[in-house]
Every structure is written in structure tokens, then in C-alpha cells.
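The structure appears right after this line, and notes come after that.
In the working numbering, the protein residues as written are 167 to 351.
This is how it looks when you write it as C-alpha cells:
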């Protein structure tokens, strides 16, 4: 029983060795790609940063991949040199183009959202201004104004209520019909 467990552990350990084989290359957009499969044929050998069978992998005692071509083997002989190339802009100074692009897009979305909110506030101010002016015109027209109370009974607006409503409409006109207040920054 003990020898079966040892054989099973040895079989699992042998299967795990090929799983450590990793490819690393820079794609056409300048992004680093990590995979357990070889890069597409359109990737030049100078953009392959790491592959199975490279010097570090061979030192660990892992056999080289049989599918490696002479061009990729030549690149594998100097993986440290190709990783430090000055033309590799995705790793230059620790800046990742993908993250920068994502951050820029997020900032643009936030700016667009802020503009949309500002337009919505301005539209609301214009609507409030128009309603307040219309209400003030009706209140100062001299006509008898009716309203319905909480019990559902119809009543008429007295002079004190009319004056309070005119003052309220004037306050809304003063706040919403003038130039828009500047947002605090």
C-alpha cells in the first residue's frame, strides 16, 4: 500500500514539471503576455522574453521544449538581455501602458459624468426658474386663486398666503434665474 502512494506521488510530481513551462512575450500593442502556450507566429523572436527551455529553466533540470525553433532558442540564451531592452516601453521605468490607458479612460468617464451632472443641474435650474416666473405671474395677476386642502375641500387663497407665495417665487427666481453659482473646487 505504501509503494502505491509513493508511485502516485512520483507520477504527480512528473506531471507538474511541464506545467511550470511558461512563455512570456510582448504583443503587438506592447502588452506583456504570459502563457503556457507558444506565442502566435506573427510575434517576432525579439519580443519573446521567456520560453520553456531557457537558461534558467535548463539550470533547474527541466528539459527544453521539443517545439522550440532555433530563433527562439537563440532568444532564450539571453532572456535577461531582452527583458532590459530600452525599446520595451511597457516596462520602462515601471510604467504599465495598459494601466495608464485604463486610468486615462476612467478619468475621462468621470469627467463626462461630472459634465452630465452639471448639465442636469443647469436644466433643473432653468425648469425651476420657468415655473417660479409662471407662478409669480399667476399670483400677481389679481385673479382669485383656488386650492384644495388636505381634506379635499376647495378653498381660495387669501392675501397673506398670496404674499407669502409671491415672496417664495421671488426667492426661487433670484436663486435659479441668475447666473449659475460656481461649484466649490
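The C-beta atom is built at its ideal place from N, Cα and C for all residues, glycine as well.
Model, not experiment: these values are computed from the prediction.
Using the rule of at least 16 other Cβ atoms within 10 Å of the residue's Cβ for burial, across every protein chain shown, is residue i buried or exposed?
i	result
residue 237	Because residue 237 carries a pLDDT of 40, less than 50, the predicted location of this residue cannot be relied on, and the following value inherits that uncertainty. With fewer than 16 Cβ atoms within 10 Å of its Cβ, residue 237 is classed as exposed.
residue 216	buried
residue 298	buried
residue 335	buried
residue 175	exposed
residue 192	buried
residue 218	buried
residue 169	exposed
I'd like to check one pair, residue j with residue i: are the Cβ atoms closer than 8 angstroms?
i	j	result
residue 338	residue 306	no
residue 214	residue 207	no
residue 312	residue 321	yes
What are the boundary residues of the alpha helix (DSSP H) that includes residue i?
i	result
residue 304	263 to 305
For the beta strand (DSSP E) that contains residue i, what are its first and last residues?
i	result
residue 335	Careful: residue 335 lies outside any beta strand (DSSP E), inside the alpha helix (DSSP H) at 325 to 342.
residue 190	189 to 192
residue 311	Per DSSP, residue 311 belongs to no beta strand (DSSP E) and is neither H nor E.
residue 371	Within the shown structure, residues of the chain are numbered from 167 to 351, placing residue 371 beyond reach of any answer.
residue 214	214 to 216
residue 321	320 to 322
Less than 8 angstroms between the CB atoms is what I'm expecting for residue i and residue j, so what's the real figure, rounded?
i	j	result
residue 198	residue 190	7 angstroms
residue 346	residue 288	6 angstroms
residue 263	residue 196	6 angstroms
Counting only beta-carbon separations shorter than 8 angstroms, does residue i have a partner in chain B?
i	result
residue 200	No chain B appears in the structure shown, which is made up of a single protein chain.
If you measure from the CB of residue i, is any heavy atom of the ligand ADP nearer than 7 angstroms?
i	result
residue 336	Ligands displayed in this structure: none; no statement on the ligand ADP is therefore possible.
With three or more C-beta pairs closer than 8 angstroms as the rule, is the stretch 283 to 295 touching the stretch 339 to 346? yes
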